[in-house]
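Here's the structure we're looking at; comments come further down.
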Amino acid sequence: MIVAPPNKELKLENAEVNFKLTKEDFNQVLKLSGILGLPNIAVVGDGKNISISTLDVKNDESDNFSIKVGDTEANFKMIFATENLKMVTGNYDVSISSKGFAHFKHEKDPIEYWVALEAGSKYEG
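For the sequence shown, the numbering used here gives the first residue as 1, with consecutive numbering after it.
And the structure:
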């Protein structure tokens, strides 16, 4: 995790996945991830909907929780470590690249986060 900004400006061009993440949805997913003891959060596209889910990618039988956050025609599963999503509360514009990282931009405050995707993330278009 980068705790100081880099010297040059980071840009995310041609992100394949874009959606708005509300404070309420984000807080609910983080809360249930903690309650269920799940180490991962995934943004999943099934060709129709985009959802954000809590899960354990190493255990297919673990509990999970999912909330719809947008629409898509693509199929993907972008995985994050829950511990890497400790952010200031608020609404975010989210852009995710299949190249391995995501950009979370706070809707009102000048706050931005760049978060790496975990192994096993995939974008099938």
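Even for Gly, the Cβ is constructed at its ideal location relative to N, Cα and C.
Residue 116: which of 54, 40, 46 sits nearest, CA to CA? Here residue 116 is taken as the residue at index 116 of the sequence shown, counted from 1. Of the listed residues, the one whose Cα sits closest to residue 116 is 40.
C-alpha distance - residue 80 paired with residue 57, whole-angstrom precision: Against the sequence shown, residue 80 aligns to sequence position 80. Against the sequence shown, residue 57 aligns to sequence position 57. Looking at the two C-alpha atoms, the distance is approximately 10 Å.
Length of the line joining the Cα atoms of residue 125 and residue 91: For the purposes of this step, residue 125 is taken as residue 125 along the sequence shown, with counting starting at 1. For the purposes of this step, residue 91 is taken as residue 91 along the sequence shown, with counting starting at 1. Computed Cα separation, rounded: 26 Å.
Just how far apart, CA to CA, sit residue 33 and residue 44? The residue labelled residue 33 in the question sits at position 33 within the sequence shown. The residue labelled residue 44 in the question sits at position 44 within the sequence shown. Cα-Cα distance, rounded: 16 Å.
Using three-state DSSP, classify residue 45 as helix, strand or coil. Stepping through the sequence shown from its first residue, residue 45 is reached at position 45. Reduced to three states, the DSSP call for residue 45 is strand.
Considering Cα atoms alone, identify which of 13, 20, 74 is closest to residue 108. In the sequence shown, the residue the question calls residue 108 occupies position 108. Comparing Cα positions, the closest option is 20.
When you compare each of 104, 114, 99 to residue 121 by their alpha carbons, which one comes out closest? Along the sequence shown, read from residue 1 onward, the residue named residue 121 stands at position 121. Of 104, 114, 99, the residue nearest in Cα terms is 99.
Can you tell which of 118, 88, 123, 119 has the C-alpha that lies nearest to the C-alpha of residue 112? Here the question's residue 112 lines up with position 112 in the sequence shown. The shortest C-alpha separation from residue 112 is found at 88.
In chain order, what residues of the same chain have a beta carbon less than 7 Å from the beta carbon of residue 46, not counting five sequence neighbours either side? As a working mapping, residue 46 is identified with position 46 in the sequence shown. Excluding positions up to five away in sequence, the list reads 75.
Can you pull the DSSP bridge partners for residue 70? As a working mapping, residue 70 is identified with position 70 in the sequence shown. Looking at the DSSP assignment, residue 70 forms a beta bridge with 50.
Please state the DSSP three-state secondary structure of residue 35. On the sequence shown, position 35 is the one that residue 35 refers to. Helix at residue 35.
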